[in-house]
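One structure below.
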Amino acid sequence: MFFLLIGILFLWLAFRKVDLHHVWLEIKNADYFYIGLSIIAALIAHLFRALRWNILINSMGYKTKTSTTFYAVMIGYLANSAVPRLGEVSRCGVLSKKDKIPFTSLFGTVIAERAFDMIVLLTIILMVVLLQYRLVGGFFDRNIVEPLFSNVESNLLPIIIVSFLVGLAIFGIIFLVRMHKERIMKTTLMLRFRKFMSGILEGIKTIKRINQKGVFLLYTLVIWGMYSLMIYLPFYSIQDTAGLDYGDAITVMAIGSLGIVAPVPGGIGTYHFITKATLFELYGVNPDAATSFATITHAAQQIMILLVGALSFLLIILQKRRMTDGNAKLHQVENSK
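Have a look at this one:
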């Protein structure tokens with residue numbers, strides 16, 4: 002609920018001071034052919050994410066079908082639309098039950114995958130800033146660096162007090178753990194925790210021992226290439242953004258991704274706010290048109306995730322039911338012999 006309220010706050014910030022009637026007209030008159038193409042690009046990205054995840058899973062000695070992994074990925078995106086970061090847990094849970102793979106190992110592969118993607122995203126942002134420093138550097142200074150330092154300076158004393166208390170608490174916990182280390186390590190809870198962490202570490206290590214490193218990198222390039230097309234293609238759906246090029250799309254994708262990774266359901270509000278600010282401040286797009294663009298692209302992707310995610314959930318259930326019925330029939334045949 003707290004994260005949803007944050008999203009609503011950013012949504013209000015994105016829509017304030019714009020002409021809602023003009024925004025609606027922009028949405029109504031948009032060319033949805035290009036929005037449809039962006040949805041296809043998104044589905045291709047999600048398919049290659051499933052293929053890439055399979056490489057990590059296979060490196061642990063487990064075999065999975067691409068269809069099953071894709072369904073799990075889409076169910077994960079569906080869960081993220083409701084609760085931030087729930088998707089990572091959900092897709093691991095779905096695949097664990099379906100293919101009998103340890104949940105902790107799967108979760109470790111997801112951590113490795115997300116960490117790798119974060120490195121890619123930060124690299125893209127760094128390249129965007131370096132190659133377009135005059136354009137993007139000022140944007141970050143005005144909207145991120147200056148407000149951040151301003152808030153830190155005006156709240157310096159509370160920050161120091163809180164930091165001291167947090168540091169003191171951490172020191173106290175470390176001291177107590179060291180004093181009672183042997184007793185703590187023998188508790189049932191700690192034994193379960195160590196087993197849980199061992200499974201996660203096994204999954205994380207897959208990023209080092211994958212055999213198909215070239216294919217893994219190729220799939221990553223396809224995923225992020227499709228992400229950029231998800232921004233570039235919709236440019237042509239609205240007149241005010243039709244003049245922007247592919248390089249501009251990469252910039253908007255890189256900065257707009259910060260709104261998607263923010264801990265709010267489905268990036269609602271944060272994506273709208275950041276994308277609108279990027280289009281307006283960097284490229285001079287009319288605020289109404291920038292708001293319309295952010296609304297259309299976000300809504301299109303969320304509708305796709307809702308439909309495909311729900312369908313994937315249904316297909317997973319049907320697959321499991323067929324497998325159960327097949328095993329029951331096989332058992333009956335064996336008993337009749």
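The sequence shown begins at 2 in my numbering and counts up one residue at a time. Every residue, glycine too, gets a C-beta built ideally from N, C-alpha and C. Note that the structure is predicted; figures quoted are calculated from it, not measured.
Item	Value
Reduced DSSP secondary structure (H/G/I, E/B, other) of residue 266	helix
Inter-stretch contact at 8 Å, needing at least 3 Cβ pairs: the segment 230 to 239 / the segment 67 to 77	no
Pairwise C-alpha distance: residue 175 and residue 52	42 Å
Boundaries (first-last residue) of the alpha helix (DSSP H) holding residue 77	67 to 81
Secondary structure of residue 61, DSSP reduced to three states	coil
Residue 183 burial status per 10 Å Cβ neighbour count (16 or more: buried)	exposed
Boundaries (first-last residue) of the alpha helix (DSSP H) holding residue 277	271 to 284
Neighbourhood of residue 86 by C-beta, 8 Å cutoff - its chain only, sequence neighbours within 5 removed	264
Which listed residue (277, 285, 267 and 283) has its alpha carbon closest to that of residue 294	277
Reduced DSSP secondary structure (H/G/I, E/B, other) of residue 112	helix
Start-to-end residues for the alpha helix (DSSP H) that takes in residue 28	21 to 29
Buried or exposed (CB count within 10 angstroms, at least 16 for buried), residue 165	exposed
Helix, strand or coil at residue 102 [DSSP, three-state]	coil
Candidates 108, 299, 61 and 40: closest to residue 213 by CA position	61
Proximity of residue 115 and residue 224 at Cβ, strictly below 8 Å	no
Contact belief for residue 292 with residue 121 at Cβ below 8 Å, rounded distance in angstroms	No, residue 292 and residue 121 are not in contact; Cβ-Cβ is about 28 Å, not under 8 Å.
Span of the alpha helix (DSSP H), counted from its first residue to its last, around residue 216	214 to 236
Top-ranked residue by Cα proximity to residue 222, from 45, 33 and 7	45
Where residue 245 sits in the DSSP three-state scheme	coil
Exposure label - residue 1; buried when at least 16 CB within 10 Å	Residue 1 cannot be examined here, being either before or after the span of the chain that is shown, 2 to 338.
Alpha-carbon to alpha-carbon, residue 188 and residue 236	58 Å
Residue 241 versus residue 36: straight-line alpha-carbon distance, rounded	15 Å
Residue 264 Cβ short of 7 Å to the ligand FMN heavy atom set	Although the ligand FMN was asked about, the structure shown includes no ligands whatsoever.
Buried/exposed call for residue 129, threshold 16 Cβ in 10 Å	buried
Chain-order list of residues whose beta-carbon lies under 7 Å from that of residue 14 (same chain, five-residue window excluded)	274
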